[in-house]
Amino acid sequence: MSLLRTLQHQQRVITVFACNAGKIGSSDIMLKLNYEPSYNYKVQVTSTFPTRDQLVYMSRVGHRTLKKQIPTVSELMTESSFNSVFGSTLNECFKRGIWKDSDSCLWVDWEKEKMGLGLVSLRDTLAAAGEE
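Numbering of the sequence shown is given in the numbering used here, commencing with residue 129 and proceeding in unit increments.
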């Protein structure tokens with residue numbers, strides 16, 4: 129029972145995939161999203177390409193959105209999870225043409241099954257749900 133109660137009090141995780149994690153992480157929008165104590169989510173920023181399992185999940189959540197940032201997503205989903213692209217840096221993926229826009233970011237709310245492009249989209253989605 130105590131484990132369940134512990135899990136219930138955990139913030140849900142929203143992951144932001146971005147080439148320039150430092151720039152994104154220090155933006156005004158991110159600072160507001162991460163440091164308001166009343167929010168029940170934690171936004172984490174990563175500059176690492178998703179794993180194959182994450183990519184499959186993301187494709188189910190929003191294939192069209194995903195394809196805007198990762199044009200070869202359909203081909204990548206046929207690859208083995210051991211393919212070197214999974215877990216590589218987004219900068220490497222951008223140079224190889226796998227990650228489309230080095231200045232944009234892709235966010236995923238794993239628990240709510242939502243996804244979008246850009247921090248403004250994330251902020252607006254959270255605000256529409258009354259969470260910002």
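Cβ coordinates follow ideal geometry from the N, Cα and C atoms, glycine included.
Based on DSSP bridge pairs, tell me the residues matched to residue 158.
DSSP lists no partner for residue 158.
Is residue 247 near residue 157, with beta carbons less than 7 angstroms apart?
Inclusion of residue 247 and residue 157 in the CB contact set at 7 angstroms is warranted, their separation being smaller than that value.
Does the region 136–149 come within contact of the region 226–241, defined as at least 3 CB pairs closer than 8 angstroms?
When Cβ pairs closer than 8 angstroms are counted between the two stretches, the region 136–149 is seen to touch the region 226–241, the count reaching three or more.
Looking only at its own chain, which residues have a Cβ that is under 8 angstroms from the Cβ of residue 211, when we skip the five neighbours before and after it?
180 and 204
Going by alpha carbons, who is nearest to residue 187 out of 220, 152, 243 and 223?
Distances from the alpha-carbon of residue 187 to those of 220, 152, 243 and 223 put 243 closest.
Do the CB positions of residue 147 and residue 214 come within less than 7 angstroms of each other?
Annotated as distal: residue 147 and residue 214, with beta-carbon spacing of 7 angstroms or more.
Determine which residues share a DSSP beta bridge with residue 233 and list them.
Bridge partners of residue 233: 146.
Have a look at 160, 197, 138 and 151 and flag the residue whose alpha-carbon is nearest the alpha-carbon of residue 168.
138
Which of the three DSSP states is assigned to residue 223 in this structure?
helix
Measure the C-alpha to C-alpha separation of residue 159 and residue 255 and round it to an integer number of angstroms.
Cα to Cα, the separation comes out at about 15 angstroms.
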